[in-house]
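Working notes, beginning with the structure itself.
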Amino acid sequence: MNVAITAGRTSDGKEHFEVLDGLRGSAAFLIVLFHIFNYPFGFRPPLHLMHHAYLAVDFFFGLSGFVVAYAYDDRWTRMTMLQFFRIRLIRLHPLVLIGATLGLLGYIFDPFSKAMNHTTAPMLLLAYITSLLLLPSPLVGGRLHETQALNGPAWSLMQEYLGNIAYALILRRLRTITLAIIFALSGLLLIWTANTKGSLDGGWGYPEIWMAPLRLTVSFVMGLWLYRIHDRMRFPRIGLLPLSIALVVCFQMTQFSKVSGLSFNGLYDAACVLFLFPLVILCGAHSNAGTGMIRLCKFSGRLSYPLYITHIPFVYVIAGYSSTRHPSTDVKLIWIFLLIPFVIFVAWIALKYFDEPVRAWLTRRYGLKRSSSIKPVTA
-9 MNVAITAGRT SDGKEHFEVL DGLRGSAAFL IVLFHIFNYP FGFRPPLHLM HHAYLAVDFF
51 FGLSGFVVAY AYDDRWTRMT MLQFFRIRLI RLHPLVLIGA TLGLLGYIFD PFSKAMNHTT
111 APMLLLAYIT SLLLLPSPLV GGRLHETQAL NGPAWSLMQE YLGNIAYALI LRRLRTITLA
171 IIFALSGLLL IWTANTKGSL DGGWGYPEIW MAPLRLTVSF VMGLWLYRIH DRMRFPRIGL
231 LPLSIALVVC FQMTQFSKVS GLSFNGLYDA ACVLFLFPLV ILCGAHSNAG TGMIRLCKFS
291 GRLSYPLYIT HIPFVYVIAG YSSTRHPSTD VKLIWIFLLI PFVIFVAWIA LKYFDEPVRA
351 WLTRRYGLKR SSSIKPVTA
């Protein structure tokens, strides 16, 4: 196996893809910037950053496919399907509960969006219960038809669950060539969708909910396939910083126009998903973090999921403040730059004092080995 991986190891003794951990953290931070900078400005000038950062979800799906295959492909002779689902639930669901609860509290106590955030108590309770179960929630006032009304980014976690179910039941049994064919065919459908719609920013709301399983299928299957073939290929050992810069450039690229029936913006999105992200993942898998970057990779990997799943309720508050009080651009920027370290701190608190202790207790309770190689963020 010609892969340069750092010395970190999982509880199963496997070597650890530290650079992929770091890239997960980089992508999570970039999509948080996408939300924090764009919601207060209504996704309009004078400040519209990270135009394509919604593609971080597709990148997360690809990473998840890669690391799920890495962690579990060789364990099925000694692991039941029930054990697999328990491991995945323990890994994912504690923070789902935190995200749903923060979303409910933010909805109720948001001081700037009382007029918009108006929903009957029974409907709000139903939205909270479905959010706790990671099921599509009913529509509530003040949210744009989101399938996860109280915690918008959780829509991708719902897809993550579907990907894990499909992996356990079907995908793990498929040959490498079959995964490649599924990736290619679904990729063609993704290109058509991106060109027709003009972008891949969809799947989070009910009007375009059909895009969610398509985006999942393309990237998750791609990740599974990449793991199967990655040790047959040689890629440059680029490292975390250059690969993170590649993601920044990808997400910050301008929005392109439609010419002669072709949406160059949509085709750009599809090209990133189908060509750039596989290259980034493969280069990351072949890269060594180096002694100076290992701690950063580990920390950003640990923080990526809690940051992704807990930040949006606070973004809704600052967006409500901007739309009702109409502060100047300078005042908005002050609040934005205060919010960035705040959401990172909240994510760290959620990780340190809830997620990790709860997962450790559940792992001991059910006698399961901890698999530290899987830290999905979906996104």
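The sequence shown stops at residue 369 when you use the numbering used here, and every number in between is there.
Even glycine gets a Cβ: it sits at the ideal position worked out from N, Cα and C.
Here the structure is a predicted model, which means the values were calculated and not measured.
Determine the closest residue to residue i out of the options, with distance taken between C-alpha atoms.
i, options, result
"Leu216", "Thr168, Ile228 and Leu257", "Thr168"
"Ala260", "Ile299, Tyr298 and Leu179", "Leu179"
"Gln149", "His135, Leu124 and Gly32", "Leu124"
"Leu341", "Leu328, Gly291 and Tyr151", "Gly291"
"Ile219", "Tyr97, Glu346 and Ala59", "Ala59"
"His83", "Arg349, Gly357 and Leu358", "Arg349"
"Phe90", "Ala144, Gly55 and Val57", "Position check: residue 90 holds Ala in this sequence, whereas Phe was assumed. Checked all of Ala144, Gly55 and Val57; the closest Cα to Ala90 is Ala144."
"Phe289", "Ala337, Asp221 and His38", "Ala337"
"Leu175", "Thr353, Leu53, Leu264 and Gly310", "Leu264"
"Gln245", "Met40, Asp11, Ile155 and Met113", "Met40"
Would you say residue i touches the ligand FAD, meaning its beta carbon is less than 6 Å from a heavy atom?
i, result
"Lys288", "Among the ligands in the structure shown, none appear at all, so the ligand FAD cannot be discussed."
Return helix, strand or coil for residue i, following the three-state DSSP convention.
i, result
"Ser176", "helix"
"Lys342", "helix"
"Gly195", "strand"
"His108", "coil"
"His25", "helix"
"Thr(-4)", "With a pLDDT of 39 at Thr(-4), under the threshold of 50, the modelled position of this residue cannot be trusted; read the value that follows with caution. Strand at Thr(-4)."
"Ser253", "strand"
"Met(-9)", "Here Met(-9) scores only 37 on pLDDT, less than 50, and its place in the model is too uncertain to base an answer on."
"His6", "strand"
"Lys187", "helix"
"Pro366", "With a pLDDT of only 47 at Pro366, under the threshold of 50, the placement of this residue in the model should not be trusted, and no figure is reported."
When the distance is taken between beta carbons, is residue j closer than 7 Å to residue i?
i, j, result
"Pro296", "Leu85", "yes"
"Thr300", "Leu94", "no"
"Ser250", "Gly188", "no"
"Thr109", "Gly131", "yes"
"Ser117", "Pro101", "It should be pointed out that residue 117 corresponds to Ala in this sequence rather than to Ser. For Ala117 and Pro101, no; Cβs fall outside 7 Å."
"Val211", "Gly177", "no"
"Ser294", "Gly96", "no"
"Val305", "Ile26", "yes"
"Val47", "Ser146", "yes"
"Val9", "Ser277", "yes"
"Gly153", "Leu206", "yes"
"Cys240", "Cys262", "yes"
Just the Cα atoms here: how many angstroms apart are residue i and residue j?
i, j, result
"Asp191", "Leu257", "12 Å"
"Ile(-5)", "Asp63", "Unreliable positioning characterises Ile(-5) in this predicted model, as indicated by a pLDDT of 39, which lies under 50. A coordinate reading is not provided."
"Ile88", "Ile235", "31 Å"
"Arg355", "Lys248", "56 Å"
"Gly274", "Phe7", "8 Å"
"Leu323", "His42", "21 Å"
"Phe344", "Trp182", "43 Å"
"Leu161", "Ala139", "30 Å"
"Thr137", "Leu115", "15 Å"
Problem - Three-pair Cβ contact test at 8 Å for the region 216 to 233 versus the region 262 to 280 - result: yes
Handout entry: Three CB pairs or more closer than 8 Å across the region 30 to 47 and the region 71 to 82
Key = no
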